[in-house]
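With this note's numbering, letter number 150 in the sequence shown gets 154, and the count goes up by one each step, no holes. Ideal Cβ positions, reconstructed from N, Cα and C, are used throughout, including at glycine. Given the structure is predicted, the values throughout are model-derived calculations rather than measurements. A short worksheet on the structure shown next.
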Amino acid sequence: MVRETRVTAGELVAHACRGDQPAWDALVDRFQPLLWTIARTHGLDRASAEDAVQATWLRLVQKIGTLWDPESVGSWLATVCRNEARALVRVPLPRHPPDAPAAGPTPEEQALARDHLTRTATALSTLSDRCQGLLRLLAAAATYTEVSAALNVPMGSIGPTRSRCLHHLQEALGE
């Protein structure tokens, strides 16, 4: 094969179609920096950028014999890489590795939450039985229809009663 600097992109594609490994190497040498730049410009980290670039080369391997304009392989590669990078940008990244346990609350956060729960339970116990039942049902995501049936009260009175009960709870909490 002729020196890579004198060979056009179209000629490299033609040689690569015939299985010429030096042609493939020359294509990679010529266009790999462009593909990396495109992937990283989309804000991908190194691993995701590598995935986008590898997917682009894989697509070329699959489609090299069907390119309409082999001379424009650089533009074709750039378009494919842009699409691969955009697809990876849209995929939400996990906040932590799937096999690693999620980081829990700190001991201080646990103590504050426990204290808040204890204070709320104490304040709730000072309310009337009717308010306690209503607030517990609503906290359990019961619908007004379910609350009405469970407490034998008209649906129209649930909202105002809820409001009064929450006000009493806030007062008991000292808020």
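- When C-alpha distances from Ala89 are compared across Thr126, Thr147, Gly47, the shortest belongs to Gly47.
- When the beta-carbon positions are compared, Leu138 and Cys169 come within less than 8 Å of each other.
- Residue state for Ser79 is assigned as helix, using DSSP reduced to three classes.
- Beta-carbon to beta-carbon, Leu177 and Leu131 are separated by about 11 Å, too far to satisfy the 8 Å threshold.
- DSSP places Pro109 in the coil class of the three-state scheme, outside both helix and strand.
- With 16 or more other Cβ atoms inside 10 Å of its own Cβ, Trp80 counts as buried.
- Per DSSP, the unbroken alpha helix (DSSP H) holding Trp28 starts and ends at 25-45.
- Buried is the label assigned to Val17, since at least 16 other Cβ atoms lie within 10 Å of its Cβ.
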